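Numbering (the numbering used here), first residue to last: 14 to 236. To start, the structure under review is shown below, and the notes come after it.
Okay, structure coming up:
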């Protein structure tokens, strides 16, 4: 995997929110995108677990949101790419707010780097994951363990990735995840047969994220 050019001026602000409702974090993303574009804040990675929510990307087919779903779970139509997905407790969601002018002006490079970061992260827990030709995301065997959906506005990114750590996979029964009929979803805990420390997954992911995007060692971390 080719790394970005290192720079002593590239710092990463990591915001760890714990568990938060989707809409509040969505609003915070949009504010940070504007601030990043103006150079007010550095590149930022938001890490969060959401209350249960379904989101529909700009390419979504509403028929992929099934009538059998729990109608009490809110649904948001958002501006990211991709189809319908679920976010909820036990799932580590990451929203990188990066100015790709300081990395590489390539959507495909950005997506493949996020996938590589997720593959390496679960690999540290003994899980062998991979990409699938022609599909976005990260897979273990025939099952999807992580989904990606991003938006770039003048080369500043928002939205991002969702890694199933200890996720209750029954929530996915209410949708056709990412519009893909053929494959099921999985989680780290389902594969390993035990609950996985979210803190350990977060720490591992941040280390690998910093490595692949060539951020300097020092970072800010706050809520």
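Where is the CB? At the ideal position from N, CA and C, for every residue including glycine. Quick caveat, the model's predicted, so the values are computed rather than measured.
Do you know how far the Cα of residue j is from the Cα of residue i?
i	j	result
residue 175	residue 105	6 Å
residue 224	residue 32	26 Å
residue 163	residue 155	23 Å
residue 165	residue 49	12 Å
residue 212	residue 103	11 Å
residue 151	residue 114	26 Å
residue 191	residue 97	Its pLDDT being 48, under 50, residue 191 is placed unreliably by the model, and nothing is read from it.
Could you give the C-beta distance for residue i and residue j, rounded to a whole number, given that I count them as a contact under 8 Å?
i	j	result
residue 204	residue 153	6 Å
residue 185	residue 99	6 Å
residue 58	residue 88	Contact doesn't hold; Cβ gap of about 26 Å is too wide.
residue 199	residue 158	5 Å
In its own chain, which residues sit with a C-beta less than 6 Å from the C-beta of residue i, not counting the 5 before and 5 after it?
i	result
residue 202	179, 208 and 209
residue 149	161
residue 193	Residue confidence is low: residue 193 scores 48 on pLDDT, short of 50, so the model does not pin down where it sits. No coordinate-derived value is stated.
In chain order, what residues of the same chain have a beta carbon less than 8 Å from the beta carbon of residue i, not counting five sequence neighbours either side?
i	result
residue 240	Residue 240 falls outside the range modelled here, since the chain spans only 14 to 236, and no answer is possible.
residue 35	63, 64, 66, 68, 87, 89 and 100
Excluding the 5 residues flanking residue i on each side, which residues of the same chain have their C-beta closer than 7 Å to its C-beta?
i	result
residue 222	58 and 130
residue 133	221
Any 3 or more C-beta pairs closer than 8 Å across the segment 83-92 and the segment 127-138: no
Sufficient close CB pairs (3 or more, under 8 Å) joining the segment 102-119 to the segment 157-171: yes
Beta strand (DSSP E) runs contained entirely in the segment 44-69, provided each spans 3 or more residues: 56-63 and 66-69
Segments assigned beta strand (DSSP E), at least 3 residues, entirely inside the segment 76-135: 88-90, 97-100 and 104-110
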